[in-house]
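Read through the structure below, which is laid out as structure tokens, and then see the notes.
There are 2 protein chains.
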Amino acid sequence: MVMRAVAEYIGRSDLQPGDCLPAERVLMAELSVGRSTLREVIRHWQALGVVESRRGSGTYLLRRISPETMHLPLVVNTGGNGLLQMMEVRRGLEVEASALAAIRASAADLELIESKLLTMEAVFRENGCAGPEDLEFHLSIYDACGNPLFGQLLSQMRESVQTLFAMSRVRTDFASRSFPFHRELFEAIAAKDPDAARAKTLSILAIVEEDIKDMIT
Amino acid sequence: MVMRAVAEYIGRSDLQPGDCLPAERVLMAELSVGRSTLREVIRHWQALGVVESRRGSGTYLLRRISPETMHLPLVVNTGGNGLLQMMEVRRGLEVEASALAAIRASAADLELIESKLLTMEAVFRENGCAGPEDLEFHLSIYDACGNPLFGQLLSQMRESVQTLFAMSRVRTDFASRSFPFHRELFEAIAAKDPDAARAKTLSILAIVEEDIKDMIT
DNA sequence: ATCAGTAAATTGGTCTGACAACTTTAAGCT
DNA sequence: AGCTTAAAGTTGTCAGACCAATTTACTGAT
């Protein structure tokens, strides 16, 4: 019940990510609850990555929430197959997103995707790798699928995966073999062919999975 | 720091999911920390779905953890037509889980799935509907896919969906047309045919989506 | 002896007050 | 003006008390 109260408070107030929440004692008085209760609620959201507390400074908002926000905490063991398990989940989401994009992408969406593809190809030919540009390309596809949940879920999963193998040194040519498939994926979406989009996405992810397997051995 | 202490405590003690943790006042003394601090740590894990607290009874372990397990909470903002958007995400996950189950299900898994199917069919023939038994059937498939993340995500999504249209009166025959497809899905998994499993899962979810569309109009 | 009802003990939930640790800000001093 | 230092503000932790819900144990009637 207090959870909901604070969720409404954040949703109502126009706090942006990075902003500082009112001090505990202020919020406490404003919501007419004890400090322990408020602190427990804050800890709850801290655990969910919504808020971050810095001792002596304040607690800061990381992600906007509202009472309608859904939270899906995942417990994954870092030992060995955790990464591959994440990849399987990602595969399910990514394939569906590509198929939906093939069905629903507007002309403007296609134009945006193609521009991302072109810059990615250019950077790749120059550097031999194009991590951020690859991400941009895929993000534009998530946007084009017409369902914001895919973008939210997949970008967060990519973040976690990134941190998961940020510790281990990544080869510079990681998943570079998947490069040519990106154009084919775009063409499948542009042709409004969901089945082809599924297949091309699977090809890309298969290569990524192979490289992960090579890496963790 | 206290987090780690309690994580080690759980990892060291052989508590199984469903077991009851020591009372707060006991743990407090055992770890030499104040009660508020301990309660905040418990709230932290409550948020991550690791433990569940029942007032007057105790706090119970839901998932085994250790200091090596990683927690990555996903935060999703469901907007206006959140139900249909969630169904699309669920479709991607569920299809992948069914296909993986078809590939990896052991003989024991298949036996369990079939038993769930049989009780579900029996209850359905008697009552005309079988909500909890249907859930059990699908959960057994998630287990059989060999990747616990699918079970975590999908069961939590089902929870949210459940609460989302718990307010609106649900027809007793909701998604009852999907009933015959459940046996076909099981047979596809038993035949180790991932493509057929995909197709049957899509058939089931298509009916659910149709009924949702009818309902929210 | 069995069962029901009731009282007591147990447990999580909340409030209050206090102090420590740290950060930020502001004042003061050179 | 620049540096130092003090003060104010903030989160983190501890302690004790009480409330609400559940569980357990007891007591008494049948």
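In the order they appear, the protein sequences are chains A and B.
For the first sequence, the numbering used here assigns the number 29 to the initial residue and increments by one for each residue that follows.
For the second sequence, the numbering used here assigns the number 29 to the initial residue and increments by one for each residue that follows.
Where a beta carbon is used, it is the ideal one built from N, C-alpha and C, also for glycine.
All values derive from a computational prediction rather than experimental measurement.
Q. Hey, is His72 (chain A)'s beta-carbon within less than 8 angstroms of any beta-carbon in chain B?
A. Position 44 of the first sequence, counting from 1, holds the residue named residue 72 (chain A). Yes, because at least one Cβ of chain B sits closer than 8 angstroms to the Cβ of His72 (chain A).
Q) Per DSSP, which one or two residues make a beta bridge with Gly86 (chain B)? A) For the purposes of this step, residue 86 (chain B) is identified with residue 58 of the second sequence, where counting begins at 1. Among the bridge pairs identified by DSSP, Gly86 (chain B) is matched with B:Arg82.
Q: Give the secondary structure of Asn155 (chain B) by DSSP, where H, G and I count as helix, E and B as strand, and everything else as coil.
A: Taking the second sequence and counting its residues from 1, one reaches residue 155 (chain B) at position 127. Looking at Asn155 (chain B) - three-state DSSP - the assignment turns out to be helix.
Q. Can you name the residues of chain B whose CB is closer than 8 angstroms to the CB of Val117 (chain A)?
A. For the purposes of this step, residue 117 (chain A) is identified with residue 89 of the first sequence, where counting begins at 1. Under the 8 angstroms cutoff, chain B gives Leu121, Glu124, Asn175, Leu177, Phe178 and Leu181.
Q. What number of angstroms, rounded off, separates the C-alpha of Leu49 (chain A) from the C-alpha of Tyr88 (chain A)?
A. Counting from 1 along the first sequence, the entry for residue 49 (chain A) is found at position 21. Counting from 1 along the first sequence, the entry for residue 88 (chain A) is found at position 60. Taking the straight line joining both Cα atoms gives about 6 angstroms.
Q.
Please return the same chain residues whose Cβ sits closer than 8 angstroms to the Cβ of Ile235 (chain B), not counting the five positions on each side in sequence.
A. Your numbering for residue 235 (chain B) matches position 207 in the second sequence. The answer, listed in chain order, is Ala203, Arg205, Ser206 and Phe209.
Q) How long is the line joining the alpha carbons of Arg67 (chain B) and Ala51 (chain B), rounded to whole angstroms? A) Within the second sequence, the letter at position 39 stands for residue 67 (chain B). Within the second sequence, the letter at position 23 stands for residue 51 (chain B). Straight across, the Cα-Cα distance linking Arg67 (chain B) with Ala51 (chain B) is about 11 angstroms.
Q: Assess, as a yes-or-no matter, whether the stretch 69 to 85 of chain A is touched by the stretch 141 to 155 of chain B under the definition of 3 or more beta carbon pairs within less than 8 angstroms.
A: no
Q: Alpha carbon to alpha carbon, how far is Leu59 (chain B) from Val34 (chain B)? Give it in angstroms, no decimals.
A: Residue 34 (chain B) sits at position 6 when you count from the first residue of the second sequence. Residue 59 (chain B) sits at position 31 when you count from the first residue of the second sequence. Near 8 angstroms, if we compare the C-alpha coordinates of Leu59 (chain B) and Val34 (chain B).
Q) Along chain A, in chain order, which residues have C-beta atoms closer than 7 angstroms to that of Ile23 (chain B)? A) The displayed coordinates of chain B run from 29 to 245. Any statement about residue 23 (chain B) would go beyond what the structure contains.
Q: Rounded to whole angstroms, what's the CA-CA distance from Leu100 (chain A) to Leu177 (chain B)? Just pull it up for me.
A: Within the first sequence, the letter at position 72 stands for residue 100 (chain A). Within the second sequence, the letter at position 149 stands for residue 177 (chain B). Roughly 11 angstroms between the two C-alpha positions.
(Q) Whole angstroms are fine: how far does the CA of Glu116 (chain B) sit from the CA of Tyr173 (chain A)? (A) Taking the first sequence and counting its residues from 1, one reaches residue 173 (chain A) at position 145. Taking the second sequence and counting its residues from 1, one reaches residue 116 (chain B) at position 88. Sequence inspection shows Cys at residue 173 (chain A); the Tyr mentioned does not correspond to that position. Distance between the alpha carbons of Cys173 (chain A) and Glu116 (chain B) is about 10 angstroms.
Q) Which term fits Pro160 (chain A), buried or exposed, when burial requires 16 or more other beta carbons within 10 angstroms of its beta carbon? A) Numbered from 1 along the first sequence, position 132 holds the residue referred to as residue 160 (chain A). Counting Cβ neighbours within 10 Å, Pro160 (chain A) comes out exposed, since fewer than 16 surround it.
Q. Is any beta-carbon of chain B found at less than 8 angstroms from that of Ala57 (chain A)?
A. Here residue 57 (chain A) corresponds to residue number 29 of the first sequence, with the count starting at 1. Not an interface residue.
Q. Of all the beta strand (DSSP E) runs that stay within the bounds of the stretch 65 to 143 of chain A, which reach a length of 3 or more residues?
A. 79 to 82, 86 to 89 and 97 to 105
Q.
Under 8 angstroms, Cβ to Cβ, is there at least one residue of chain A near Gln44 (chain B)?
A. Along the second sequence, read from residue 1 onward, the residue named residue 44 (chain B) stands at position 16. Not an interface residue.
**Q.** Member of A:Ala57, A:Gly156, A:Val151 and A:Val78 whose CA lies at the smallest distance from the CA of Asp47 (chain A)
**A.** Residue 47 (chain A) sits at position 19 when you count from the first residue of the first sequence. Of A:Ala57, A:Gly156, A:Val151 and A:Val78, the residue nearest in Cα terms is A:Val78.
**Q.** Bridge partner(s) assigned by DSSP for Cys48 (chain A)
**A.** Translated into positions along the first sequence, residue 48 (chain A) becomes position 20. Bridge partners of Cys48 (chain A): A:Tyr88.
Q) If you measure from the beta carbon of Glu237 (chain B) to each beta carbon in chain A, is any gap under 8 angstroms? A) The residue given as residue 237 (chain B) occupies position 209 in the second sequence. Not one chain A Cβ lies under 8 angstroms of Glu237 (chain B).
Q. Cβ atoms of Glu164 (chain B) and Leu233 (chain B): under 8 angstroms apart, would you say?
A. The sequence position of residue 233 (chain B) within the second sequence is 205, counting from 1. The sequence position of residue 164 (chain B) within the second sequence is 136, counting from 1. Result no, Cβ atoms of Leu233 (chain B) and Glu164 (chain B) do not sit closer than 8 angstroms.
Q | Beta-carbon gap between Met31 (chain B) and Val69 (chain B) smaller than 8 angstroms | A | Walking along the second sequence from the start, residue 31 (chain B) turns up at place 3. Walking along the second sequence from the start, residue 69 (chain B) turns up at place 41. In this structure, Val69 (chain B) lies closer than 8 angstroms to Met31 (chain B) by Cβ.
Q. Would a C-beta distance cut-off of 8 angstroms place Ala127 (chain B) and Pro222 (chain B) closer than the cut-off?
A. The count along the second sequence starts at 1 and reaches residue 127 (chain B) at position 99. The count along the second sequence starts at 1 and reaches residue 222 (chain B) at position 194. Yes, the Cβ-Cβ distance between Ala127 (chain B) and Pro222 (chain B) is below 8 angstroms.
**Q.** Simplified DSSP assignment, three categories, for Gly62 (chain A)
**A.** Residue 62 (chain A) sits at position 34 when you count from the first residue of the first sequence. Of the three classes helix, strand and coil, the one that applies to Gly62 (chain A) here is coil, per DSSP.
Q) So Leu192 (chain A) and Leu111 (chain A) are in contact, right, with Cβ under 8 angstroms, and what is the actual spacing, rounded? A) Looking up residue 192 (chain A) in the first sequence gives position 164. Looking up residue 111 (chain A) in the first sequence gives position 83. That belief holds up - the Cβ atoms of Leu192 (chain A) and Leu111 (chain A) are roughly 6 angstroms apart, short of 8 angstroms.
Q: Using beta-carbon positions only, say whether Ala129 (chain A) and Ala219 (chain A) come within less than 8 angstroms of one another.
A: Counting from one through the first sequence, the residue named residue 129 (chain A) turns up at place 101. Counting from one through the first sequence, the residue named residue 219 (chain A) turns up at place 191. No, the Cβ-Cβ distance between Ala129 (chain A) and Ala219 (chain A) is not below 8 angstroms.
Q) Which residue comes first and which comes last in the alpha helix (DSSP H) that contains Lys241 (chain A)? A) Your numbering for residue 241 (chain A) matches position 213 in the first sequence. Where Lys241 (chain A) is concerned, the enclosing alpha helix (DSSP H) stretches over Pro222 to Ile244.
Q: Less than 8 angstroms between the CB atoms is what I'm expecting for Gln180 (chain B) and Val103 (chain A), so what's the real figure, rounded?
A: Your numbering for residue 180 (chain B) matches position 152 in the second sequence. Your numbering for residue 103 (chain A) matches position 75 in the first sequence. Indeed, because the Cβ distance is near 7 angstroms, the residues count as touching under 8 angstroms.
Q. Does the separation of the CB atoms of Ile169 (chain A) and Ala125 (chain A) fall below 8 angstroms?
A. Start at 1 with the first residue of the first sequence, and residue 169 (chain A) comes out as number 141. Start at 1 with the first residue of the first sequence, and residue 125 (chain A) comes out as number 97. Yes. Within cutoff.
Q) Gly120 (chain A): buried (16+ other C-beta within 10 angstroms of its C-beta) or exposed? A) For the purposes of this step, residue 120 (chain A) is taken as the residue at position 92 of the first sequence. When all chains shown are included, Gly120 (chain A) counts as buried.
Q. Below 8 angstroms between beta carbons: does that hold for Lys228 (chain B) and Glu238 (chain B)?
A. By one-based count along the second sequence, residue 228 (chain B) stands at place 200. By one-based count along the second sequence, residue 238 (chain B) stands at place 210. It is not a contact, given that the beta carbons lie outside the stated cut-off.
Q: Select from A:Gly86, A:Ser41 and A:Glu139 the residue whose C-alpha is nearest the C-alpha of Ser94 (chain A).
A: Taking the first sequence and counting its residues from 1, one reaches residue 94 (chain A) at position 66. When each option's Cα is compared against that of Ser94 (chain A), the closest is A:Ser41.
Q. From what residue to what residue does the alpha helix (DSSP H) around Phe207 (chain A) run?
A. Here residue 207 (chain A) refers to the residue found at position 179 of the first sequence. Going by DSSP, Phe207 (chain A) is part of the alpha helix (DSSP H) stretching over Phe207 to Ala218.
Q) Cβ of Ala158 (chain B) within 8 angstroms of Cβ of His72 (chain A)? A) The residue given as residue 158 (chain B) occupies position 130 in the second sequence. The residue given as residue 72 (chain A) occupies position 44 in the first sequence. Their beta carbons are not under 8 angstroms apart, which means Ala158 (chain B) does not touch His72 (chain A) by this criterion.
**Q.** Thr97 (chain A) to Gln184 (chain A) span [Cα, whole Å]
**A.** Within the first sequence, the letter at position 69 stands for residue 97 (chain A). Within the first sequence, the letter at position 156 stands for residue 184 (chain A). Answer to the nearest angstrom: the Cα atoms are 15 angstroms apart.
Q. To the nearest whole angstrom, what separates the beta carbons of Pro45 (chain A) and Arg118 (chain A), a pair I think is in contact under 8 angstroms?
A. As a first step, residue 45 (chain A) is located in the first sequence; it is residue number 17 there, counting from the start. As a first step, residue 118 (chain A) is located in the first sequence; it is residue number 90 there, counting from the start. With a Cβ gap of about 24 angstroms, Pro45 (chain A) and Arg118 (chain A) do not count as contacting.
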